[in-house]
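K.L.:
Numbering (the numbering used here), first residue to last: 2 to 179.
(1) Considering Cα atoms alone, identify which of 176, 161 and 41 is closest to residue 108.
(2) Between the alpha carbons of residue 65 and residue 110, how many angstroms are there, rounded?
(3) Quick one: what's residue 32 bridged to in DSSP?
(4) What does the alpha-carbon distance come out to for the pair residue 33 and residue 6?
(5) Does the beta carbon of residue 148 fall short of 8 Å from some heavy atom of the ligand COA?
(6) Got a sec, what are the start and stop residues for the beta strand (DSSP E) residue 71 sits in?
(7) If contacts are defined as beta-carbon pairs under 8 Å, then residue 72 and residue 132 qualify, I think. What distance do you get, rounded to the angstrom?
(8) Using three-state DSSP, classify residue 173 as helix, strand or coil.
(9) By a C-beta neighbour count over all protein chains shown, 10 Å radius and 16 as the cutoff for buried, is residue 198 buried or exposed?
(10) Which runs of the alpha helix (DSSP H), 4 residues or longer, sit entirely within the segment 124–162?
(11) Any idea if residue 48 is buried or exposed, counting beta-carbon neighbours within 10 angstroms, 16 or more meaning buried?
(12) Apart from the five residues just before and just after residue 25, which ones in its own chain have a Cβ nearer than 7 Å to its Cβ?
(13) Give the DSSP-derived three-state secondary structure of residue 120 in the structure shown.
(14) State yes or no: is the C-beta of residue 69 within less than 9 Å of the C-beta of residue 153?
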């Protein structure tokens with residue numbers, strides 16, 4: 002109860018080497034890092050919830066709809082490697098780690114979803130909304146620029162996102178059977 006709300010918000014955006022570390026006001030002191038390092042899109046947390054409540058969900062619902070909103074595109078284009086300068090050679094491992102971390106997590110998420118039917122007895126629909134894979138990136142930031150807001154607004158009208166929205170509305174609309 003003695004932690005400021007702003008400190009909690011700040012803990013949610015603690016990226017190694019980008020923002021300073023945050024410590025909990027506890028004994029012993031514990032350092033906190035953004036949970037995205039472990040589960041950037043919330044799949045592990047969602048799977049844990051589904052596992053814990055799987056029988057209740059089966060008995061009391063007609064299924065589950067998981068909605069994923071991605072700031073990175075699921076399919077990606079492989080970029081050409083740049084030059085071989087000393088500074089580039091030193092920075093490339095760090096840049097590669099950050100650039101590919103979401104993709105590494107995607108492979109793990111795929112494994113979770115492939116094995117879901119072995120323990121989840123209910124119906125599960127998975128819907129994804131995502132930004133386009135383009136040079137017009139929306140950077141992780143405390144503030145979205147006008148250009149970044151425009152990229153997001155245009156992404157709403159992408160065919161894949163419109164199809165996802167239609168599918169979501171269909172899933173959430175009660176069927177009108179007599």
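For every residue, glycine included, the Cβ atom is placed at its ideal position computed from N, Cα and C.
P.N.:
Taking the geometry as given:
(1) Locating residue 108 in the chain shown gives position 107, counting from the first residue. Nearest C-alpha to residue 108: 41.
(2) Stepping through the chain shown from its first residue, residue 65 is reached at position 64. Stepping through the chain shown from its first residue, residue 110 is reached at position 109. Going by the C-alpha atoms only, they are around 17 Å apart.
(3) In the chain shown, counting from the first residue as 1, residue 32 sits at position 31. For residue 32, which the question treats as bridged, DSSP gives the partners 24.
(4) Translated into the one-based positions of the chain shown, residue 33 becomes position 32. Translated into the one-based positions of the chain shown, residue 6 becomes position 5. For residue 33 and residue 6, the distance between alpha carbons rounds to 15 Å.
(5) Within the structure as shown, the ligand COA is missing, as the structure has no ligands at all.
(6) Locating residue 71 in the chain shown gives position 70, where the first residue counts as 1. First-last of the beta strand (DSSP E) with residue 71: 65–71.
(7) Taking the first residue of the chain shown as 1, we reach residue 72 at position 71. Taking the first residue of the chain shown as 1, we reach residue 132 at position 131. Their Cβ separation, rounded to whole angstroms, is 6 Å, which keeps residue 72 and residue 132 in contact under 8 Å.
(8) Residue numbering aside, residue 173 sits at position 172 when the chain shown is read from its first letter. Helix.
(9) Since the first residue of the chain shown is 2 and the last is 179, residue 198 is not available in this structure.
(10) 147–157
(11) Counting from 1 along the chain shown, the entry for residue 48 is found at position 47. Classification of residue 48: buried, given that the 10 Å Cβ count is 16 or more.
(12) On the chain shown, position 24 is the one that residue 25 refers to. The answer, listed in chain order, is 31 and 33.
(13) Along the chain shown, read from residue 1 onward, the residue named residue 120 stands at position 119. Three-state result, residue 120: coil.
(14) Here the question's residue 69 lines up with position 68 in the chain shown. Here the question's residue 153 lines up with position 152 in the chain shown. Their beta carbons are not under 9 Å apart, which means residue 69 does not touch residue 153 by this criterion.
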